[in-house]
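In this text, residue positions in the sequence shown follow our numbering: the first is 277, and each later residue adds one.
We put the beta carbon where it would ideally sit given N, CA and C, even for glycine.
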Amino acid sequence: MLNVTTIAGVRSRRRELWQRAQTVALVPTMGALHDGHLRLVDRAGELADEVWVSIFVNPTQFGPGEDFERYPRDLERDRELLATRGVALLFNPSTKEMYPRPGVTTVDLPELAGGMCGAFRPGHFQGVALVVTKLLAIAQPEVAVFGAKDWQQSAIIRRLVEDLNLPVRVEVVPTVREADGLAMSSRNAYLTSQERQAATVLQRALHAGEEAIRGGLIDGRAVERRIAATVAEEPLARLQYAAAVDPDTLQPLGTVTRRALLAVAVHVGATRLIDNLLLEVS
Ligand code: PAF
277 MLNVTTIAGV RSRRRELWQR AQTVALVPTM GALHDGHLRL VDRAGELADE VWVSIFVNPT
337 QFGPGEDFER YPRDLERDRE LLATRGVALL FNPSTKEMYP RPGVTTVDLP ELAGGMCGAF
397 RPGHFQGVAL VVTKLLAIAQ PEVAVFGAKD WQQSAIIRRL VEDLNLPVRV EVVPTVREAD
457 GLAMSSRNAY LTSQERQAAT VLQRALHAGE EAIRGGLIDG RAVERRIAAT VAEEPLARLQ
517 YAAAVDPDTL QPLGTVTRRA LLAVAVHVGA TRLIDNLLLE VS
């Protein structure tokens, strides 16, 4: 596996592959890799000649008081995992390499970024959209692979790629879960064992919403209340939001008719967790 820290290094490898007419699938990550990331890597391997992974804890997507400083970092372990998974190139730039001077360019999709997580993490999706745009411009992959757990993020990326005519296919891979249903996340590492048990409430709440819809409840707000009520049953959990939205536009669904995305953000102790469930409603 090539370990590359500079943009020039990535570009030089990219040129070599173009000469050989070989394709690249990029998996952008912030490291602290778990099985969910490895699933993205495996999927990427099915879609291109080489799999490239970026590990960059992007400061512009963390707000003041968020966990940028304490975000889990374990580059050595990540490197080993990726090498055994057949990854061809790891791009691990410094902050200075990615942001040599304060940027003045923004990538903003207010309609998609304003609600759900965006309502509680102002600036977060502008940071994500900017860094992903930069990573796509740097690596110029044929495919970029993201996880469905961060649904709002993937919807924003799909849309920015479409709007900016970026020559890349966006592949979104289903969420990988622990045996008890908890969505895998680097932030699960923050949970105490009691909180870890309590965290299963996210799945229960989403399923309560699904059951309500399958039982005939079509009022989006009422579905959100059903999800919230399930979260409220768990003493260690504090709901941030429950949403029933259109999976593409992320706009709230007054009436749940066809496709719906149910999403939650919950604090379990001091840790903020998110999860979602995509439903086809007949
Ligand atoms: O999902 C993540 O890990 C990050 O938001 C991403 C897409 C790598 C951008 O920093």
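Check, Outcome
"Paired residues, beta bridge with F422 - DSSP", "V448"
"Extent of the continuous alpha helix (DSSP H) run through A415", "H400 to A415"
"Neighbourhood of V404 by C-beta distance below 6 Å, restricted to the same chain and skipping five residues each side", "Q337 and Q429"
"Any non-hydrogen atom of ligand 1 within 8 Å of N334 CB", "yes"
"Near ligand 1: D426 beta-carbon under 8 Å from a heavy atom", "yes"
"Cα-Cα separation between D524 and A431, rounded to whole angstroms", "6 Å"
"Beta-carbon proximity check, L406 vs R435, cutoff 9 Å", "no"
"Nearest-angstrom Cα separation, counted from G491 out to L416", "The question names Leu, but residue 416 in the sequence shown is Gln. The alpha-carbon atoms of Q416 and G491 are separated by roughly 46 Å."
"Cβ-Cβ separation, A324 to N300 (assumed contact under 8 Å), whole Å", "A small fix is needed here, since residue 300 is Val in this sequence, not Asn. Between A324 and V300 the Cβ distance is about 5 Å, and since that is below 8 Å, they are a contact."
"Identity of the residues DSSP links to Y517 by a beta bridge", "A541"
"Reduced DSSP secondary structure (H/G/I, E/B, other) of F367", "strand"
"Delimiting residues of the beta strand (DSSP E) encompassing S462", "That residue, S462, is in no beta strand (DSSP E); it is neither H nor E in DSSP."
"Identity of the residues DSSP links to R535 by a beta bridge", "E556"
"Cβ neighbour criterion (16 or more within 10 Å) applied to W294", "exposed"
"T299: CB within 8 Å of a non-hydrogen atom of ligand 1", "no"
"For W328: DSSP bridge partner residues", "L302 and L365"
"Run of the alpha helix (DSSP H) containing L316, from where it starts to where it stops", "D311 to L323"
"Three or more C-beta pairs below 8 Å linking the region 461-471 and the region 301-318", "yes"
"N-terminal and C-terminal residue of the beta strand (DSSP E) that V280 is part of", "L278 to V280"
"Nearest to V286 (by Cα), restricted to the options S558, L357, N368 and V421", "N368"
"9 Å Cβ cutoff met for V448 and F422", "yes"
"Which listed residue (S288, E471, P528 and N552) has its alpha carbon closest to that of A546", "E471"
"Coarse secondary structure for T547, derived from DSSP in three states", "strand"
"Closer than 8 Å: M306 CB and nearest ligand 1 heavy atom", "yes"
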